[in-house]
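In the numbering used here, the protein residues as written are 6 to 246.
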């Protein structure tokens, strides 16, 4: 058997085994999510995946906004340090995890989801918004659009600056970023993301959260929405109204 044939067989075997591993990981991840988290039904149909708690003596509520390509589990370690009288809501945006695909690409759809979360889980409580990366921008944009109606504080962690992001559209860095995201999508579809070593940022998480993050990133749709015109419908700054 020729060397080239051996190489071809080896590559084919790696592709098949990684694809099988990726498929098993995605199935296991969905089962884990269905067992661990609940879903909030929406008026138009569809659901939003939610991780929530509300103690009987809740004095205020916290809504967590995820960064891009991260599930609501990124906030698990923060929730452990909140006061016992804090109600918490973490959720996955449309198309991610167990959440139904988005109905629209604009901010109003995102804002409507937050309105529904507040009504469903935090009705009557003052609310703190906490967001990371793009989630920080969404938290600030939501707060400005709703004024001070029941909102207590906005906490932004390493927040995306939309003005700067939009300024890179058409530049070389923008093209490279899109290609990287496309490759991430292909890696996830092929199952190769599952074989990637755990990044240092995941080390502080518990083992079950690390597994959950791996399963989440093995989903091609975690990356696919970002490869399209992600910022086409996002204004350069939050607008009231």
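In this text, a Cβ means the ideal position worked out from N, Cα and C, and glycines have one as well.
Reference residue i, options the options, closest by Cα
i           : options            : result
residue 223 : 31, 11, 48         : 31
residue 24  : 196, 33, 210, 214  : 196
residue 66  : 17, 163, 125       : 125
residue 194 : 21, 10, 162        : 21
residue 62  : 45, 90, 48, 51     : 90
residue 201 : 120, 44, 220, 212  : 220
residue 188 : 210, 215, 167, 228 : 228
residue 148 : 113, 168, 181      : 113
residue 46  : 16, 99, 33, 214    : 99
residue 127 : 156, 168, 183      : 156
residue 27  : 210, 190, 209      : 190
residue 158 : 9, 146, 169        : 146
Chain B within 8 Å of residue i, Cβ atoms only
i           : result
residue 151 : Annotation note: the requested chain B is absent from the structure, which comprises a single protein chain.
Whole-Å CB distance - residue i paired with residue j, under 8 Å assumed
i           : j           : result
residue 160 : residue 135 : 4 Å
residue 117 : residue 143 : With a Cβ gap of about 12 Å, residue 117 and residue 143 do not count as contacting.
residue 108 : residue 49  : 7 Å
residue 78  : residue 218 : 7 Å
residue 119 : residue 141 : That belief does not hold up - the Cβ atoms of residue 119 and residue 141 are roughly 14 Å apart, past 8 Å.
residue 81  : residue 214 : 5 Å
residue 138 : residue 165 : 5 Å
Coil, strand or helix - residue i by DSSP
i           : result
residue 77  : helix
residue 223 : coil
residue 15  : helix
residue 193 : helix
residue 176 : coil
residue 211 : coil
residue 201 : coil
residue 216 : helix
task: Quick one: which unbroken beta strand (DSSP E) runs of 3-plus residues sit fully inside the region 99-173? Chain order, please.
output: You should have 132-137, 156-162.
field: Inter-stretch contact (C-beta, 8 Å, three-pair minimum) for the region 68-75 and the region 85-101
entry: Proximity of the region 68-75 to the region 85-101 meets the contact definition, three or more beta-carbon pairs being nearer than 8 Å.
task: Evaluate the contact criterion for the region 102-111 versus the region 43-56: three or more CB pairs, one atom per stretch, below 8 Å.
output: As far as the Cβ criterion goes, the region 102-111 touches the region 43-56, which means the pair count is three or higher.
- prompt: Hey, which unbroken runs of the alpha helix (DSSP H) at 4 residues or more fall wholly within the region 19-100?
  reply: Taken in chain order, the complete alpha helix (DSSP H) segments of 4 or more residues contained in the region 19-100 are 81-84.
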